[in-house]
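Numbering (the working numbering), first residue to last: 2 to 76.
Comments concern the structure below.
The following block contains the structure:
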């Protein structure tokens, strides 16, 4: 798939998708600013693409759709 971020395998006639753990990260975002300290940003997905790095807030998306996607961090 696009830039090797997602791979697909077929097992027992089902498509199984996985992400490259070196390119797709999930976790609690923390912004550190001089004079302010650490600011909790909520859960994010960060995608390291060839020409850019994209960070998307899961919390903001969940608020927009009115549903929970992730209930805890998956490692």
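Where a beta carbon is used, it is the ideal one built from N, C-alpha and C, also for glycine.
On a predicted model such as this, the values are computed, not experimentally measured, just so you know.
Taking C-beta atoms under 8 Å as the contact rule, residue 25 and residue 46 qualify, at a distance of about 7 Å. Where residue 12 is concerned, the enclosing beta strand (DSSP E) starts and stops at 7 to 12. Apart from the 5 residues on each side of it in sequence, residue 43 sits with its Cβ closer than 8 Å to the Cβ of 29, 30, 58, 59, 60, 61 in its chain, given in chain order. Judged by DSSP secondary structure, residue 66 falls within the alpha helix (DSSP H) whose first and last residues are 59 to 66. Counting along the chain, the unbroken beta strand (DSSP E) around residue 20 starts and ends at 15 to 20. For a cut-off of 8 Å, the C-beta gap from residue 69 to residue 4 is around 29 Å, too long to register as a contact. Within its own chain, the residues whose Cβ lies closer than 8 Å to the Cβ of residue 34, once the five positions on either side in sequence are excluded, are 40, listed in chain order. At least 8 Å separates the beta-carbon of residue 66 from that of residue 6.
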